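K.L.:
In terms of the numbering used here, the sequence shown is residues 1254 to 1646. Glycine included, C-beta positions come from ideal geometry on N, C-alpha and C. The structure displayed is predicted, hence computed values, not measured ones.
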Amino acid sequence: MSAAVRVFIILLLAYFLSYFFRATNAVISPDLRRDLGLGSAELGLMTSLFYLTFAVAQLPLGALLDRFGPRFVHPALMLVGAGGALLFAGAQDFLSLSLGRALLGIGFAAALMGALKAFSLWFPAHRYASISSLYVALGASGAIAASSPLAWLKEQIGWRSVFEWGALVIVLVALVVAVGVRNAPGGVALPQSTQTGHAGVIWSNPDFWRMGWLNFMLGGGFLAWQTLWGGDFLFKVRGLGSLEVGSILFAFSLAALLGFLLSGPLADRLGLPRVLLSAGLAFTLGPLLLALWPQMPVALLYAVYLLMGFTGAFNILSLAQARLTFPTELTGRAVTAINFMGFMGVFLLQWGMGIVLGQSNYSTALLVWSALIALAILAYLPLAKAPHRASSL
């Protein structure tokens, strides 16, 4: 096994856990409602705190990864996440449950960004989109584990025990990352920029905002649906049981895995901006159909979830686009800035949908979401029409 492949596999273990823990609430939401008496707004806020702390952590994380690399930054954060899992498992009220969820977000803040920083040095630039999409596709199997398998497991041992054992697994994987991952190949130093104003260069770039807002609405909405509201919709609107909901979410996550796998090769072949734009347009059909026809036949319901899972996964291309837009010494800052936009999208959309549901219904919430995605697509159009060009400092 080559050193690059070893680094890929070890970091993948951590990313699997990140996807698993972010997606658990879609399956255990009825248990949380029952055991702690949570309403829709509380459930949305608590679940979204993972993404709020995850997003806020991206701001210092980019500079830390550019300076120190992922080898120790990543596992140090994972230990915080292990504490969060234990707190979540023992929570008896909304506050402690929320704090545990927030600590889990901090714990996995570097699961993807640390890997993308490492891959920028371990793999050639022309393979970056394909390697990144493969990594996310395989890591997304964590969401598959958090669907039907989690529904079965929590029926056997209870949702609290799932998180207690999960905390131990997080600690073990953190140790494996610290021992088995090097920041860069032997003899290669982490590139350091001698210029100042890095944040200004990134955040003042109009192309960054076009990518960022699309990731906010598409990537953020994709995860908000996968990790909470997609399951809650099936429980409340369709009246399905846990195993049935787990089965549909399993299909969603399996389609997402396929989307992650194909997004990189398709982008390399057809052009990244055009592929991302097409996926965004197709994804928008999902919430629109669910809003207009919530009681559609089950077979069509599966098809809509498959469509949303597959096309929503293409949001990962916005990270590859940021990597290709900014120079290597700013990779950490650039991809974490884009990731910040995406996870702020999850936080605000997940919380916001809970607020809307407290006042109205799913059809209204889904129509609003569809309109917001369409506006983000319109803002992104100039990038899809123009040939790609790298920014210079």
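1. What is the rounded straight-line gap between the Cα of residue 1302 and the Cα of residue 1354?
2. Near residue 1485, which residues of its chain fall below 8 Å by C-beta distance, leaving aside the five closest residues on each side in sequence?
3. For the putative contact between residue 1465 and residue 1549, defined by C-beta atoms under 8 Å, what is the C-beta separation to the nearest angstrom?
4. Let me know the secondary structure DSSP gives residue 1597 once reduced to three states.
5. Is residue 1287 buried or exposed, if buried means 16 or more other CB atoms sit within 10 Å of its CB?
6. Cutting at 7 Å between CB atoms, please list the residues of its own chain near residue 1257, excluding the five before and the five after it.
7. Which whole-angstrom value is the C-beta distance of residue 1436 and residue 1322, which I expect to be below 8 Å?
8. So residue 1359 packs on residue 1317, CB below 8 Å; how close in whole Å?
9. Using CA atoms only, rank isn't needed, just tell me which of 1567, 1346, 1439 is closest to residue 1385.
10. Please classify residue 1346: does DSSP put it in a helix, a strand, or coil?
11. Skipping 5 residues on each side, what residues in its chain have a beta carbon closer than 6 Å to that of residue 1433?
12. For residue 1645, count neighbouring Cβ atoms within 10 angstroms of its own Cβ and tell me buried if that reaches 16, exposed if not.
13. Can you find the residues in the same chain that come closer than 8 Å, C-beta to C-beta, to residue 1447, ignoring five residues on each side of it along the sequence?
14. Going by C-alpha distance, which of 1340, 1368, 1421 is nearest residue 1588?
15. What residue range is occupied by the uninterrupted alpha helix (DSSP H) comprising residue 1478?
16. Reducing DSSP to helix, strand and coil, say where residue 1574 ends up.
17. Could you give the DSSP three-state label for residue 1291: helix, strand or coil?
18. Do residue 1428 and residue 1415 count as a contact pair if the criterion is CB distance below 8 Å?
19. Decide if residue 1551 is buried, meaning its Cβ has at least 16 other Cβ atoms within 10 Å, or exposed.
20. How is residue 1589 classed by DSSP in three states: helix, strand or coil?
21. Looking only at its own chain, which residues have a Cβ that is under 7 Å from the Cβ of residue 1503, when we skip the five neighbours before and after it?
22. How would you call residue 1346, buried or exposed, if buried means at least 16 neighbouring beta carbons within 10 angstroms?
23. Starting from the Cα of residue 1366, find the closest Cα among 1523, 1611, 1412, 1571 and give me that residue.
24. Could you check how far apart the C-beta atoms of residue 1569 and residue 1505 are, in whole angstroms? I think they sit under 8 Å.
25. Under DSSP, the alpha helix (DSSP H) around residue 1415 begins and ends at which residues?
26. Please tell me whether residue 1616 and residue 1547 are closer than 8 Å, where the distance is taken between their beta carbons.
27. Apply the 10 Å Cβ neighbour rule to residue 1614 and answer buried if 16 or more other Cβ atoms are within range, or exposed otherwise.
28. For residue 1564 versus residue 1623, is the C-beta spacing smaller than 8 Å?
29. With distances taken Cα to Cα, identify the nearest neighbour of residue 1618 among 1544, 1489, 1532, 1324.
30. My output table needs one value for residue 1405: the three-state DSSP class, helix, strand or coil.
31. According to the Cβ coordinates, are residue 1692 and residue 1361 closer than 8 Å?
32. Check whether the Cβ atoms of residue 1598 and residue 1472 lie closer than 8 Å to each other.
33. Would you tell me roughly how many angstroms separate the C-alpha atoms of residue 1539 and residue 1467, rounded to the nearest one?
34. Which residue wins for smallest C-alpha separation from residue 1510, given the options 1275, 1532, 1390?
P.N.:
Judging by the given coordinates:
1. 6 Å
2. 1279, 1282, 1293, 1296
3. Residue 1465 to residue 1549, Cβ: 33 Å. No contact.
4. Under the three-state reduction of DSSP output, residue 1597 falls in the helix class.
5. exposed
6. 1375, 1376
7. That pair is a contact at about 3 Å.
8. The Cβ separation is near 13 Å, so there is no contact.
9. Of the listed residues, the one whose Cα sits closest to residue 1385 is 1567.
10. Coil, per DSSP.
11. 1263
12. Bear in mind that the predicted position of residue 1645 carries a pLDDT of just 31, short of 50, making it unreliable; the figure below should be weighed with that in mind. Counting the other CB atoms within 10 Å of its CB gives residue 1645 a total below 16, which places it among the exposed residues.
13. Reliability of the predicted coordinates at residue 1447 is poor, the pLDDT of 48 falling under 50, and the value obtained from them is presented with this limitation in mind. Once the five neighbours on either side are set aside, residue 1447 has no close Cβ partner at all.
14. Of the listed residues, the one whose Cα sits closest to residue 1588 is 1368.
15. Counting along the chain, residue 1478 falls outside any alpha helix (DSSP H), and DSSP gives it neither H nor E.
16. helix
17. coil
18. Against a cut-off of 8 Å, the Cβ pair of residue 1428 and residue 1415 comes out as no contact.
19. exposed
20. DSSP places residue 1589 in helix when its eight states are reduced to three.
21. 1397, 1400, 1401
22. exposed
23. 1571
24. Taking a contact as a CB-CB distance under 8 Å, the pair residue 1569 and residue 1505 does not count as one, their CB atoms being some 16 Å apart.
25. 1412-1433
26. yes
27. exposed
28. no
29. 1544
30. helix
31. Lying outside 1254 to 1646, the shown extent of the chain, residue 1692 is not represented and no answer is given.
32. Remark: C-beta atoms of residue 1598 and residue 1472 approach each other more closely than 8 Å.
33. 16 Å
34. Of all alpha-carbon atoms in 1275, 1532, 1390, the one lying nearest the alpha-carbon of residue 1510 is that of 1390.
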